[in-house]
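Asks: The structure that follows is given in the form of structure tokens.
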Amino acid sequence: KPLKNNTLMTPLINVLFSLSSCKTPKTNHKLQLKMKSYNKPLLSAATTILAHIATSDATFPLKKPDIRYSPWQELNSTSQEVAETKLGYIPITWNVHGLADIEDNGWWQLTQDEAQGATQLGWDEATWDCFIDHYGSYDWSELVEYNISDAYEALGWNESSWNGDSEYPPSEAKWWDQLSDEEQSAANQVCYFLDNWDDIDMNPNDGIFPHPKPDFRYVPWDELSDDIKDTAKTALGYDESTWDNIGTYYLESNVFGNLNSTEKEGALDIGFYSHTWDCFLNHYSAYFWSSFHGELKLAVETLGWIEASWNEDEGSSPPATQYTLWDDLTQDEKDAATRLCYFKETWDSSRSVAPQSASQNNSAHGGISSVLYISVAVVWTFFSV
């Protein structure tokens, strides 16, 4: 299932995926275990929905707390201090929705200090539960009671899937632009929109890549600061060899959302986050084809990929660009590779050896001998899984 962000993967399923050659499922902070609210005080529908009806806009049931959709660098110093000291945000986790641990919690799960901080920044129970929690901490019966279930049903949810007892709806595998008009309208009713559905990156970026380049990742091991080196080693399992040979470490074949909690925390500590990890380290190689859309899909198609070759279907082969060095790419292909956060050094270091018949037949995969085919398949599986 092509989930962008599936945090419900059990350890057993993760093991099965690690042992297979199929693409790793996407991860999505929206897919969290629906917590049973045994100690949650009962809220009236008027409190959760109607209290803000007078100040709601045409899109959402409540007034949008604009501060949460302003980049960290645009917040005043007081707001930054409150967000950091009381809610646990840092610039990176503020600038990408869904990264901060506190956003997994409903209002009823906040400590007194956290609730006070949220109030100082303009939230109350109703706006927090809608725009931050999206009612994810509610039981299905509570969604029904507060007239919220209709929106989730329009997105394909039912009580069984909400409780994790059956498969999640197809909408959870989609980016905002892939949702139907009806699905987008339903998502609006639980306070989703483009920015928080797609976890838009608000970190400052003046480079040529779609996300800020993590320059520290390209510093040799023996030149790293002691702090980064220690975290990379203890939390992420790097050593000098796996750090200096980019793309050879198994962890980089996974998406950020499927890292365990220690690995995520370590990645954040040294400066990675979901977008930079998936782009600069994984280059989206663990994404399912159906997860591509827009300019990202255009990029992989420009590099010659089609669904069959991406999925490694029997009889399909990687495109010729998989064997082409950077200097031999067309400008369009270089632009596409840049969209996937490649540059000359990382692109060239990850190229496979071209099959002998490729140059003879002007085709990347025509007439490959069985021995060469197996060798190339093994190399490609290593880099793409």
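Residue 270 in the working numbering sits at position 270 of the sequence shown, and the numbers go up by one each step.
Every residue, glycine too, gets a C-beta built ideally from N, C-alpha and C.
#1: With C-beta atoms as the reference, is leucine 194 less than 9 Å away from aspartate 177?
#2: Which value, in whole angstroms, describes the spacing of the CA atoms of glutamate 263 and histidine 275?
#3: Check whether the Cβ atoms of isoleucine 246 and threonine 346 sit closer than 9 Å, and answer yes or no.
#4: Do the segment 103-110 and the segment 277-290 meet, that is, are 3 or more Cβ pairs less than 8 Å apart?
#5: For asparagine 163, which option in Thr231, Leu121, Gly136, Tyr342 has the closest C-alpha, if you only look at C-alpha atoms?
#6: What residue ranges within the segment 288-313 form continuous alpha helix (DSSP H) runs of no fewer than 4 residues, ordered along the chain?
#7: Just the C-alpha distance for asparagine 158 and valine 219, rounded to the nearest angstrom, thanks.
#8: Taking lysine 64 as the reference, which of Ile148, Leu121, Trp108 has the closest Cα?
#9: To which residues of the same chain is leucine 43 closer than 6 Å at the C-beta, ignoring the five residues directly before and after it?
#10: Give the secondary structure of aspartate 239 by DSSP, where H, G and I count as helix, E and B as strand, and everything else as coil.
#11: Is the CB-CB distance between alanine 173 and serine 77 below 9 Å?
#12: What residue range is occupied by the uninterrupted alpha helix (DSSP H) comprising alanine 336?
#13: Inspect the beta-carbon positions of arginine 68 and isoleucine 132 and report whether they are closer than 9 Å.
#14: Here's the rule: buried if 16 or more other CB atoms are within 10 angstroms of the residue's CB, otherwise exposed. What is threonine 85?
#15: Take alanine 299 as the anchor and find which of Gly315, Asp313, Asp269, Thr330 has the nearest alpha-carbon.
#16: In the DSSP assignment, what residue or residues form a beta bridge with aspartate 201?
#17: Are there 16 or more other CB atoms within 10 angstroms of the CB of proline 71, so buried, or fewer, so exposed?
#18: Using 8 Å for Cβ pairs, my map puts tryptophan 289 next to asparagine 254. What's the rounded Cβ distance?
#19: Taking the alpha helix (DSSP H) that valine 82 belongs to, which residues open and close that run?
#20: Which word fits proline 204, buried or exposed, when buried means at least 16 other C-beta atoms lie within 10 angstroms of its C-beta?
#21: With DSSP as the reference, label arginine 351 as helix, strand or coil.
#22: The alpha helix (DSSP H) spanning tyrosine 152 covers which residue range?
#23: Where does alanine 286 fall in DSSP's three states?
#24: According to the Cβ coordinates, are cysteine 341 and phenylalanine 209 closer than 9 Å?
#25: For aspartate 139, does the three-state DSSP call read helix, strand or coil?
#26: Output the distance between the C-alpha atoms of serine 160 and serine 166, rounded to the nearest integer angstrom.
#27: Taking only three categories from DSSP, how would you classify histidine 134?
#28: The alpha helix (DSSP H) with serine 261 in it runs from where to where?
#29: Verify whether the separation of the beta carbon atoms of aspartate 139 and glutamine 189 is less than 9 Å.
#30: Skipping 5 residues on each side, what residues in its chain have a beta carbon closer than 7 Å to that of isoleucine 270?
#31: Could you tell me the alpha carbon to alpha carbon distance between isoleucine 200 and threonine 93, rounded to whole angstroms?
#32: Is threonine 248 helix, strand or coil when you go by DSSP?
#33: Using only the alpha-carbon positions, how far apart do proline 212 and cysteine 279 sit?
#34: If distances are taken between C-alpha atoms only, which option among Leu303, Ile90, Asn260, Cys191 comes closest to alanine 126?
#35: Could you tell me which of Leu62, Glu114, Leu325, Glu153 sits nearest to leucine 303, measuring between CA atoms?
Replies: So, to answer that:
#1: yes
#2: 15 Å
#3: yes
#4: no
#5: Gly136
#6: 294-302, 307-310
#7: 49 Å
#8: Leu121
#9: Low per-residue confidence applies at leucine 43: pLDDT is 41, beneath 50, and the placement is therefore not dependable, though the value from the model is reported in the following sentence. Taken in chain order, the list of residues that qualify is empty.
#10: coil
#11: no
#12: 331-339
#13: yes
#14: exposed
#15: Thr330
#16: Val96
#17: exposed
#18: At roughly 17 Å, the Cβ-Cβ gap does not stay under 8 Å, so tryptophan 289 and asparagine 254 are not in contact.
#19: 77-85
#20: exposed
#21: coil
#22: 149-154
#23: coil
#24: yes
#25: coil
#26: 6 Å
#27: coil
#28: 261-270
#29: no
#30: Phe216, Ile228, Thr231, Ala232
#31: 12 Å
#32: coil
#33: 10 Å
#34: Cys191
#35: Leu325
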